[in-house]
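The listed protein sequences correspond, in order, to chains A and B.
As numbered in the working numbering, residues 2 to 181 make up the first sequence, in order.
As numbered in the working numbering, residues 661 to 844 make up the second sequence, in order.
The C-beta atom is built at its ideal place from N, Cα and C for all residues, glycine as well.
Since this is a predicted model, take the numbers as computed values, not measurements.
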Amino acid sequence: MTDRYTRTAITLHWIIAFLIFTAFPLGAYMHDLPLSPDKLRLYSYHKWIGVTIFLLALTRISWRTTHRPPPLLDAMPQWEKFAAHTVHYLLYVLILAIPLSGWLMSSAKGVQTVWFGLLPLPDLVSKNKELGDSLKAVHESLNFLLFGLVLAHIGGALKHQFIEHDDTLARMLPFLRNKS
Amino acid sequence: MIRLLVVPLLFVASLAAGTEFSVLLPQQSSITFVSKQMNVPVEGSFRKFTAQISVDPTKPETGKARIELDLASIDTGNTDADEEVAGKAWFDSKNNPIASFTSESINSTGKGQYQVTGKLTIKGKALDAKAPFTLRQAGGVLLIEGAFPLKRLDFNIGSGIWGDTSVVADEVQIRFSFTVAAKK
Numbered sequence: 002m003t004d005r006y007t008r009t010a011i012t013l014h015w016i017i018a019f020l021i022f023t024a025f026p027l028g029a030y031m032h033d034l035p036l037s038p039d040k041l042r043l044y045s046y047h048k049w050i051g052v053t054i055f056l057l058a059l060t061r062i063s064w065r066t067t068h069r070p071p072p073l074l075d076a077m078p079q080w081e082k083f084a085a086h087t088v089h090y091l092l093y094v095l096i097l098a099i100p101l102s103g104w105l106m107s108s109a110k111g112v113q114t115v116w117f118g119l120l121p122l123p124d125l126v127s128k129n130k131e132l133g134d135s136l137k138a139v140h141e142s143l144n145f146l147l148f149g150l151v152l153a154h155i156g157g158a159l160k161h162q163f164i165e166h167d168d169t170l171a172r173m174l175p176f177l178r179n180k181s
Numbered sequence: 661m662i663r664l665l666v667v668p669l670l671f672v673a674s675l676a677a678g679t680e681f682s683v684l685l686p687q688q689s690s691i692t693f694v695s696k697q698m699n700v701p702v703e704g705s706f707r708k709f710t711a712q713i714s715v716d717p718t719k720p721e722t723g724k725a726r727i728e729l730d731l732a733s734i735d736t737g738n739t740d741a742d743e744e745v746a747g748k749a750w751f752d753s754k755n756n757p758i759a760s761f762t763s764e765s766i767n768s769t770g771k772g773q774y775q776v777t778g779k780l781t782i783k784g785k786a787l788d789a790k791a792p793f794t795l796r797q798a799g800g801v802l803l804i805e806g807a808f809p810l811k812r813l814d815f816n817i818g819s820g821i822w823g824d825t826s827v828v829a830d831e832v833q834i835r836f837s838f839t840v841a842a843k844k
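The following block contains the structure:
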């Protein structure tokens, strides 16, 4: 049982995953809505989730620097290991960069982000329409990238679980027992 | 040397006699507002307004002001919102293009501090309003600055689905800053 992620890392992984699966469709849905109180509400919820992901991501990355993750299985070919590490690394970058780009975009568009309507985040950039539009494009592109990487990430996990029948996924599951 | 003394003396004398400040400098004047959306303060402004102001800084209590605001000139910082607030539920600015304030009295509330009361008319509804403001002379012009809370629903601004004040708060902070030059 030593070659698993720590309980803390597993918990953070699944909470962040759940929040991404909430914030992503919400973001995709809300931006085309006609202006209404519901739209303003959804935007706020989306931002609150984003800030939460950002803070959890910071926690998770600092945890990881002090708690080495279990190594990938020896049986994996080099290219697979490389691919897995690359996807993991990029996902860590994105769970910071996407909320950050959203936060900056919001500031540039003249709307401060107030976490849960209670805690105002500083505006790191001032109101600027061009900058707001560029940051929107950045936020969207990063999300497309995230979408692709999450598909690869899930695909990889399922391949290990159901095709190779190894312990890769069990390392990150709170309830699955190791097969070996 | 004498001239050096006379000029400022004349200037002081003219102030003592009561110079009327009544020429608005639009480039150095503004009407802005802060609304709260989901508890987030969001700033906006009105690009077009006229202000007929006449104030004698030696006796500001006799001053008068009439401000007319072009509601369609609103800048919320978001084009969707600019269009939305022009609609019937908000300003209905096609039928009510102008919001106005006409002063009735000005009282001193402290050194350089005053309160103006008057009638605020928006969407055909006239209500009593008051606003504290400060007077400051600088570089030959008079600076009038103040702010007051306006309850938007008192004027049916943002009715229907927008009446939900948990999304857009009832209270909107209105800020004004007028720079007025002396009458020639």
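{"Check": "Run of the beta strand (DSSP E) containing D740/B, from where it starts to where it stops", "Outcome": "That residue, D740/B, is in no beta strand (DSSP E); its alpha helix (DSSP H) goes T739 to A746."}
{"Check": "When L95/A, P70/A and F83/A are compared against G149/A, the one with the closest alpha-carbon", "Outcome": "L95/A"}
{"Check": "Secondary structure of D830/B, DSSP reduced to three states", "Outcome": "coil"}
{"Check": "Inter-residue Cα distance where the pair is M2/A and S102/A", "Outcome": "With a pLDDT of 45 at M2/A, under the threshold of 50, the predicted position of this residue should be treated as unreliable, though the coordinate-derived value follows. M2/A and S102/A: Cα-Cα distance of roughly 38 Å."}
{"Check": "Assigned secondary structure, E680/B (DSSP; H/G/I helix, E/B strand, else coil)", "Outcome": "coil"}
{"Check": "Proximity of F838/B and L684/B at Cβ, strictly below 9 Å", "Outcome": "yes"}
{"Check": "CA-to-CA distance, R796/B to G772/B, given in whole angstroms", "Outcome": "7 Å"}
{"Check": "Residue range of the alpha helix (DSSP H) that includes F19/A", "Outcome": "R8 to M31"}
{"Check": "Proximal residues of chain A, C-beta to C-beta of Q697/B below 7 Å", "Outcome": "L41"}
{"Check": "Burial state of P72/A (16 or more Cβ within 10 Å)", "Outcome": "exposed"}
{"Check": "Buried versus exposed call for G800/B [16 or more other C-beta atoms within 10 Å across all chains shown]", "Outcome": "exposed"}
{"Check": "Terminal residues of the alpha helix (DSSP H) in which N144/A lies", "Outcome": "K130 to L159"}
{"Check": "Cβ of V828/B within 9 Å of any chain A Cβ", "Outcome": "yes"}
{"Check": "CB contact check: V52/A to chain B, cutoff 9 Å", "Outcome": "no"}
{"Check": "Helix, strand or coil at T3/A according to DSSP, with G and I counted as helix", "Outcome": "Any reading at T3/A needs caution, since the residue's pLDDT is 49, under 50, leaving its predicted position unreliable; the model's value is listed next. If DSSP states are grouped into helix, strand and coil, T3/A belongs with coil."}
{"Check": "Residue range of the unbroken beta strand (DSSP E) whose run includes P123/A", "Outcome": "Looking at the DSSP string, P123/A is not in any beta strand (DSSP E), and its letter there is neither H nor E."}
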